[in-house]
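Heads up: the protein sequence lines correspond to chains A and B, in order. No gaps in the numbering here: position 10 of the first sequence is 10 in my numbering, and each next residue is one more. No gaps in the numbering here: position 192 of the second sequence is 192 in my numbering, and each next residue is one more. Even for Gly, the Cβ is constructed at its ideal location relative to N, Cα and C. The block underneath contains the structure these notes are about, expressed in structure tokens.
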Amino acid sequence: KDSSKSKDEL
Amino acid sequence: MNVFRLIGDMSHLAAIIILLIKIWRSRSCSGISGKSQLLFTAVFTCRYLDLFTNFVSIYNTTMKIFFLASSYATIYLIFMKFKATYNRNHDTFRFELLIVVSVILALLINHEFSATEILWTFSIYLEAVAILPQLFMITKTGEAESITSHYLFALGSYRGLYILNWIYRYYVEGHLDWIAVLSGIVQTGLYCDFFYLYITRVMKGKNLTLPA
Numbered sequence: 001k002d003s004s005k006s007k008d009e010l
Numbered sequence: 001m002n003v004f005r006l007i008g009d010m011s012h013l014a015a016i017i018i019l020l021i022k023i024w025r026s027r028s029c030s031g032i033s034g035k036s037q038l039l040f041t042a043v044f045t046c047r048y049l050d051l052f053t054n055f056v057s058i059y060n061t062t063m064k065i066f067f068l069a070s071s072y073a074t075i076y077l078i079f080m081k082f083k084a085t086y087n088r089n090h091d092t093f094r095f096e097l098l099i100v101v102s103v104i105l106a107l108l109i110n111h112e113f114s115a116t117e118i119l120w121t122f123s124i125y126l127e128a129v130a131i132l133p134q135l136f137m138i139t140k141t142g143e144a145e146s147i148t149s150h151y152l153f154a155l156g157s158y159r160g161l162y163i164l165n166w167i168y169r170y171y172v173e174g175h176l177d178w179i180a181v182l183s184g185i186v187q188t189g190l191y192c193d194f195f196y197l198y199i200t201r202v203m204k205g206k207n208l209t210l211p212a
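Listed below in structure tokens is the structure:
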């Protein structure tokens, strides 16, 4: 899902 | 990873190191809001719980561990080792309110109603406003040591650089996370007055004092 892409940020 | 994020992360890292050096060298946490530091520790703790479930990269893991460890170390220095120097009577912002509002917002506006997602969203909302007790304290005392203002400048710049990173990711990767972007804009916006004072006073070698 798209929101998981933010999880590589700190 | 793009250049904006990398510089943003380095700025964040620099802020944390500047703060630790300030407290350690002066053996004092004078002028630092313990409440803001407690909020940042809560932010890191809630957001980086995925350290155990979701591996991204060595870089990501290393930074998360450093941010967590340094925030707990800062709390230890302020509330235990150097607690005699903590300006408790100037650190009077009602920070409980920020936590309550962030919890409610995270429950209402999130990408998915799951425990990890709500904790992540809560950490994003709380981070946006976590600096308020610190800014309130400076307003109350009317001044900040120059090393404290360098800390705040690095900390404020970090989220501003993340906004550039999100613009880049939107155009290059087609990735857009409104929760992070809007919160990041609010977070950076809170620093506007401070940035103005920093550029017009501290960069010219003066102390950061608020106009009466």
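- Looking only at B:31, B:109, B:113, B:45, the smallest Cα-Cα distance to residue 82 of chain B is reached by B:31.
- Taking the beta carbon of residue 180 of chain B as reference, the chain A residues within 8 Å of it are 6, 9, listed in sequence order.
- Between residue 90 of chain B and chain A, the shortest Cβ-Cβ separation is not below 8 Å.
- Under DSSP, no beta-bridge partner is assigned to residue 145 of chain B.
- Of all residues in the stretch 30-41 of chain B, none comes within less than 7 Å of chain A when Cβ atoms are compared.
- For residue 159 of chain B, none of the residues of chain A pass the 9 Å Cβ criterion, the least Cβ distance being about 11 Å.
- Three or more beta-carbon pairs separated by less than 8 Å are not found between the stretch 135-153 of chain B and the stretch 99-110 of chain B, which leaves the two stretches without contact.
- Given a length threshold of 4 residues, each whole run of the alpha helix (DSSP H) inside the stretch 47-107 of chain B is given here in chain order: 58-76.
- If you draw a straight line from the Cα of residue 146 of chain B to the Cα of residue 91 of chain B, it comes to about 19 Å.
- Residues are counted here when their Cβ sits less than 9 Å from a Cβ of chain A; for the stretch 57-77 of chain B these are 57, 60, 63, 64, 67, given in chain order.
- Listed along chain A are 10, each with a C-beta nearer than 7 Å to that of residue 9 of chain B.
- In the structure shown, residue 208 of chain B falls within a strand segment according to DSSP collapsed to helix, strand and coil.
- By the Cβ-count criterion, residue 129 of chain B is buried, with 16 or more other Cβ atoms from all chains shown falling within 10 Å of its own Cβ.
- Selection B:197, B:210, B:166 evaluated against residue 5 of chain B yields B:166 as nearest (Cα-Cα).
- Excluding residues up to 5 positions away in sequence, 166 lie with their Cβ nearer than 6 Å to the Cβ of residue 181 of chain B in the same chain.
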